[in-house]
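In my numbering, the protein residues as written are -12 to 163.
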């Protein structure tokens, strides 16, 4: 199974992923099983807990039903210090590259730093901005820099239209 084969690449509701075409975002404390498809990571809001959570993420990420690393990323509006968020995000990038799994990114008001990281690291794995709601101009810039975009229930129609189908995903981001 690959992300391209799924109808929904980001939900937090396990029932949507069981036997369905959805990727369930696991909290680090949750374990994947063979009944669904998953992503695992430390949300930037929880970066301060990384010392305890990281071993759980590393272990879960190796499960064959974990298809992506994340939701991880950077959030300039909420969460711990940006330096700590960046440190934890860099660990996710390394894990994504080591395991050959795409990265699902939570990004809030950090576009220049995110673009610079992608440029400097030149990752082989796909980087997907989850829940993209930005304008078409931002979408075009991110696409130019090699990002893919995932669109939830609320999105900018112009940004969705200009995103090529091979770089566009759908998600519900449903929370139980």
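Where is the CB? At the ideal position from N, CA and C, for every residue including glycine. Predicted, not measured: the structure shown is a model, and the values here were computed from it.
query = Would the segment 41 to 54 and the segment 92 to 106 be scored as touching if the rule is three or more Cβ pairs under 8 Å?
reply = no
ask   = Can you give the Cα-Cα distance for residue 148 and residue 140, rounded to whole angstroms?
value = About 15 Å.
ask   = For residue 81, does the three-state DSSP call read helix, strand or coil?
value = helix
key: Option in 122, 114, 125 and 161 with minimal Cα separation from residue 153   = 114
request  = Grab the span of the alpha helix (DSSP H) containing residue 109 for me, first residue to last.
outcome  = No alpha helix (DSSP H) contains residue 109, which DSSP labels as neither H nor E.
task = Please work out which residues of its chain come closer than 8 Å, Cβ to Cβ, to residue 29, disregarding the five sequence neighbours upstream and downstream, and give them in chain order.
result = 15, 36, 37, 40, 41, 44, 59, 75 and 79
Alpha-carbon to alpha-carbon, residue 25 and residue 17 = 10 Å
ask   = At which residue ranges does the segment 28 to 54 contain complete alpha helix (DSSP H) runs of 4 or more residues, listed in the order of the chain?
value = 37 to 48
ask   = If we ignore side chains and look at the alpha-carbon of each, how far apart do residue 11 and residue 138 end up?
value = 16 Å
inquiry  = Just verifying my parser: in three-state terms, what is the DSSP assignment at residue 11?
reply    = Correct three-state label for residue 11: strand.
Cβ-based burial, residue 61 [other Cβ within 10 Å; buried from 16] = buried
ask   = Just how far apart, CA to CA, sit residue -3 and residue 13?
value = 10 Å
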